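Accompanying notes for the structure given below.
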Amino acid sequence: EPEVTQTPSHQVTQMGQEVILHCVPISNHLYFYWYRQILGQKVEFLVSFYNNEISEKSEIFDDQFSVERPDGSNFTLKIRSTKLEDSAMYFCASRMTGYNEKLFFGSGTQLSVL
Amino acid sequence: DAKTTQPPSMDCAEGRAANLPCNHSTISGNEYVYWYRQIHSQGPQYIIHGLKNNETNEMASLIITEDRKSSTLILPHATLRDTAVYYCIVYSGNTPLVFGKGTRLSVIA
Chain A
1 EPEVTQTPSH QVTQMGQEVI LHCVPISNHL YFYWYRQILG QKVEFLVSFY
51 NNEISEKSEI FDDQFSVERP DGSNFTLKIR STKLEDSAMY FCASRMTGYN
101 EKLFFGSGTQ LSVL
Chain B
115 DAKTTQPPSM DCAEGRAANL PCNHSTISGN EYVYWYRQIH SQGPQYIIHG
165 LKNNETNEMA SLIITEDRKS STLILPHATL RDTAVYYCIV YSGNTPLVFG
215 KGTRLSVIA
């Protein structure tokens, strides 16, 4: 089965530093998402992306966050100035269409902000 | 907020059927019932979804009541690898998938 690929699997950074999390969605998918999960808590929606623009974002996705699809295959999440509370597992997801298609998730990037 | 109610945890003996209930009394006509699971800290994994008819695939069966206010996910022969958090989500496709707390299923040898 095709997979969503995320790199790196672990990222350690200092507070205030910028980080970029990388994702390669499934090749023929059109809708892309970022979710995060703080240890012991729920999986939380951050942002959805379609047709080269953000289609929806949550309250968590403030000005410190941005997403980009720099080429035909990659989908990135950037955090400009990381805070301790940004420490979490970040999941990328994709699907083919926008309506009742199952969402495929990557295995995640564990971000630790020190 | 999630529009579903699930028990926080359940146990099941290995080899037996695991029946995971979900209440979604406020479901609307265009909303589907989706089930995902999360094994340890891996990414959520799609299991099955349905609108009003019962559904079966290679992983599980989904039984939806006639009034659509509740459903049951059935893993017919649970194995240790089915130990995970199972999420029942009502979803129309117009908004992002929203995860609740789910049911932590422990399959016991």
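The listed protein sequences correspond, in order, to chains A and B. Residue numbering for the first sequence follows the working numbering, beginning at 1 and increasing consecutively. Residue numbering for the second sequence follows the working numbering, beginning at 115 and increasing consecutively. Cβ atoms here follow ideal geometry from the backbone N, Cα and C, with glycine treated the same way. Quantities reported herein were computed from a predicted structural model and do not represent experimental measurements.
Chain order gives the chain B residues near residue 89 of chain A as 155, 157, where near means a beta carbon separation below 9 Å.
About 7 Å separates the beta carbon of residue 55 of chain A from that of residue 49 of chain A, a gap short enough to meet the 8 Å contact definition.
Taking each of A:2, A:3, A:7, A:1 in turn and checking the Cα distance to residue 77 of chain A, the smallest one comes out for A:7. With fewer than 16 other CB atoms across the displayed protein chains lying within 10 angstroms of its CB, residue 63 of chain A is exposed.
At a cut-off of 3 residues, the continuous stretches assigned as beta strand (DSSP E) that sit fully inside the region 32-67 of chain A are 43-50, 53-57.
Residue-level contact by beta carbon holds for residue 212 of chain B and chain A, with a gap shorter than 8 Å. Per the DSSP secondary-structure output, residue 221 of chain B pairs in a beta bridge with B:126. The beta-carbon separation of residue 158 of chain B and residue 135 of chain B, rounded to 19 Å, does not stay under the 8 Å limit for a contact. The C-beta of residue 94 of chain A comes no closer than 8 Å to any C-beta of chain B. Contact with chain B is absent for residue 40 of chain A, since none of that chain's Cβ atoms lies less than 8 Å from the residue's Cβ. Interface flag for residue 160 of chain B against chain A is set, since a Cβ pair is found closer than 8 Å.
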